[in-house]
Amino acid sequence: MKRFILCLILATYSFILSSQELDSLQIQYPFAEPGTEVTRGIFGKDDRKEVKYATGFEEFVRATAVMVPKYLLVGDSHFSATSLRERLSYQFDTDRFARDVKFLDQPTIGNCTGFLIAPDILVTAGHCINTLEEANAYYWVFDYTSESEIVQDKYVKVNPQDIYEAESIIASHFDWENDIDYSIIRLSRKSERSPYRFRTSGKVSINTPIYAIGGPSGLPLKFSTNSVVKDNVPSNYFITNNDIFPGNSGGPFFDYRGWIEGICVRTAARRYNNDDEFTADYYYDPKCNCVRNVVFSNEQSVSVGSQAHIITEIPYSVLFKAVYENLEYAITNQINDRFEAWSVYEWIFDSYYANDFGRLEIAAIESNNRTALETILELTKEELTDEHSRLILNAALNSDTNDTLKFLLDSGLLPDSGEDYTYTLLQTLVMNNKLDMAQLFISYGADINAVTNGGDSLLHLAAQTGNKDMVVSLLKMGLSVNSKNYRKKRPEWTAKKNKHKSLSRYLKKVRKGKITV
């Protein structure tokens with residue numbers, strides 16, 4: 089049974105899942121921390137259509153790329169192309185085609201498909217790319233659609249900004265026998281495109297409607313609909329009845345919300361005309377002396393359906409990396425709607441990954457992104473360690489904004505955080521002549537009587553810098569001009585030693601009662 093109803097409204101397509109069908113699905117929460125509980129053929133009618141009709145999924149189209157051999161590039165923007173008609177005519181030695189063979193006059197340049205899960209992290213199948221040496225032979229081209237400009241009937245014109253190269257392989261594994269088939273590629277530069285979000289916990293349910301975007305047979309991107317999950321029992325993959333061909337490999341399988349559930353990796357195939365070889369897309373039919381699509385009935389989909397490598401069966405470290413880098417990118421570039429979308433993975437903020445690679449509260453402070461900072465801190469403030477609080481407050485000190493500091497202190501971060509540090513935050517402020525911030529910290533209860541390892545009081549530290557305003561402020565708060573460090577030296581001696589003679593004289597007069605503060 090098809091799970092989506094295709095509605096024609098004002099001459100555009102939109103895809104609507106009925107509330108009754110939604111209620112019948114047992115959907116497992118997809119955004120929890122990883123590891124926690126909570127070549128392709130057609131099935132029935134060919135439901136592939138141009139991506140321009142993917143209403144509601146435009147951002148996902150933009151985040152999907154095709155893999156194109158570098159030798160096809162002419163200049164910096166034109167790829168040599170052969171039409172599907174020319175390619176199949178050559179392959180099967182006929183110029184006759186069945187009526188259901190679609191897209192014959194469109195170009196074919198791609199080999200595989202890939203999709204962004206972070207600004208410069210692309211996912212594809214391991215059988216498409218498994219090593220950097222293999223990756224170096226290809227470009228990844230975005231916005232390759234039926235609306236791409238065709239020049240002289242033999243070139244596809246592409247904006248050079250839509251052409252990317254691989255920089256490194258983050259992780260890859262291709263083991264056909266054990267159904268492991270993924271590759272995670274670091275691109276040579278970041279893209280401003282919105283990446284796909286993806287499942288990090290649970291598993292996709294039987295009968296969940298599934299979509300695909302990809303470049304079947306090297307064609308411009310196509311949007312494939314009217315399919316569902318038929319089998320989710322295997323540990324590494326699930327089966328759908330989605331209409332995909334060779335060229336879709338590495339492309340995204342996602343649900344109606346746009347959550348990535350899997351990577352397109354395998355298809356059903358069959359023999360025709362007593363041929364020893366299997367085919368999964370087109371075949372020659374001598375009865376009509378024409379080329380036909382490989383077609384399976386929907387009843388066959390459980391046993392021979394399209395296979396997807398489950399997205400949660402790639403290394404957890406990759407999932408952590410992608411979530412973190414999406415949030416970091418959104419924070420630093422002030423893209424607050426994207427930040428809000430990726431904040432659904434709230435476990436990342438207090439994860440080992442954020443602790444190792446940089447707290448995102450700090451990224452928000454350094455980017456002056458108050459919206460992000462407030463959101464993150466609301467989730468993390470109860471679990472912050474003394475060390476993390478110190479790091480976050482340090483970042484605020486370096487930002488030189490009292491407003492951010494006040495917000496952090498109002499949120500419950502302790503002004504004396506960092507007990508293992510050589511200097512308290514207040515001592516650091518005094519040594520750096522930050523009077524306003526020092527006064528703010530004192531007003532929130534920072535210890536004004538703390539001394540350094542050498543016994544220097546805050547007054548000694550202020551005398552060392554020569555900051556008279558700081559000295560006067562500390563004296564008014566009750567610090568003693570008679571205090572001595574472990575060398576038995578008063579603040580006036582420290583001022584004199586550091587060539588602040590007038591301040592030394594001032595302190596001496598205060599000590600002797602000649603001046604009242």
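The sequence shown begins at 89 in the working numbering and counts up one residue at a time. Heads up, the beta-carbon is just placed ideally off N, CA and C, and yes, glycines get one too.
Residues bridged to residue i [DSSP beta-bridge criterion]
i    : result
F167 : L161, V244
C216 : In the DSSP output, where bridge partners are listed per residue, C216 has none listed.
A153 : G202, F230
P334 : In the DSSP output, where bridge partners are listed per residue, P334 has none listed.
V211 : F203, I272
R354 : Q395
D319 : I327
P614 : This structure does not reach residue 614, given that the chain is present from 89 up to 605, and the question cannot be answered.
F185 : V379
I251 : V229
I348 : F286, F342
K137 : F311
N-terminal and C-terminal residue of the alpha helix (DSSP H) that residue i is part of
i    : result
S256 : First-last for S256: 254-263, but that is the beta strand (DSSP E), not the alpha helix (DSSP H).
I464 : 458-468
I272 : No alpha helix (DSSP H) holds I272; the beta strand (DSSP E) holding it covers 268-275.
V598 : 589-599
D444 : 440-445
Y404 : 404-420
D425 : 424-430
M449 : Here residue 449 is Glu; the residue named in the question, Met, does not match the sequence. Run containing E449: 448-454, per the alpha helix (DSSP H) assignment.
T553 : 546-553
S568 : Unbroken run through S568: none, as it is neither H nor E.
Alpha-carbon to alpha-carbon, residue j and residue i
i    : j    : result
Y141 : N314 : 14 Å
A259 : T212 : 11 Å
L307 : P195 : 6 Å
H588 : K522 : 18 Å
L161 : F427 : 36 Å
D231 : T152 : 8 Å
Y159 : H166 : 11 Å
S590 : L493 : 33 Å
G214 : G202 : 11 Å
P122 : V432 : 13 Å
N266 : S312 : 27 Å
M89  : P322 : Legend: pLDDT at M89 = 32, less than 50; position of this residue unreliable, no value from coordinates given.
D373 : N381 : 10 Å
Y574 : N541 : 9 Å
L517 : L472 : 22 Å
K469 : E146 : 37 Å
K572 : R578 : 5 Å
Y371 : F185 : 10 Å
Y299 : L514 : 56 Å
C352 : L275 : 20 Å
P297 : T463 : 33 Å
C376 : N421 : 58 Å
L479 : E416 : 17 Å
L563 : I436 : 45 Å
N570 : M519 : 20 Å
E466 : P118 : 22 Å
S177 : V406 : 42 Å
W430 : T604 : 58 Å
D524 : A120 : 42 Å
E413 : I332 : 31 Å
N555 : S561 : 10 Å
K597 : I536 : 23 Å
G350 : D269 : 11 Å
I273 : Y440 : 23 Å
K318 : V379 : 29 Å
Residue i beta carbon near the ligand GTP (any heavy atom closer than 7 Å)
i    : result
L485 : Questions concerning the ligand GTP fall outside what the structure shown contains, since it holds no ligand whatsoever.
Extent of the continuous beta strand (DSSP E) to which residue i belongs
i    : result
P579 : It is not in any beta strand (DSSP E) - P579 instead sits in the alpha helix (DSSP H) that spans 579-585.
E237 : 237-239
H397 : 394-398
F341 : 340-342
T328 : 325-328
D373 : 370-373
Segments assigned alpha helix (DSSP H), at least 4 residues, entirely inside the region 480-538 | 490-498, 513-519, 523-531
Are there three or more Cβ pairs, one per stretch, closer than 8 Å when the region 390-410 is compared with the region 242-255?
-> In short, these stretches do not touch, since the Cβ pair count stays below three.
At which residue ranges does the region 281-314 contain complete beta strand (DSSP E) runs of 3 or more residues, listed in the order of the chain?
-> 297-302
Three CB pairs or more closer than 8 Å across the region 486-495 and the region 452-461 = As far as the Cβ criterion goes, the region 486-495 touches the region 452-461, which means the pair count is three or higher.
Counting Cβ pairs, one atom from each stretch, are 3 or more of them under 8 Å apart for the region 548-564 and the region 572-588?
-> yes
Inspect the CB distances between the region 328-348 and the region 281-289 and report whether three or more fall short of 8 Å.
-> yes
Taking 8 Å as the threshold, find out whether the region 497-515 comes into contact with the region 531-546 through three or more Cβ pairs.
-> yes
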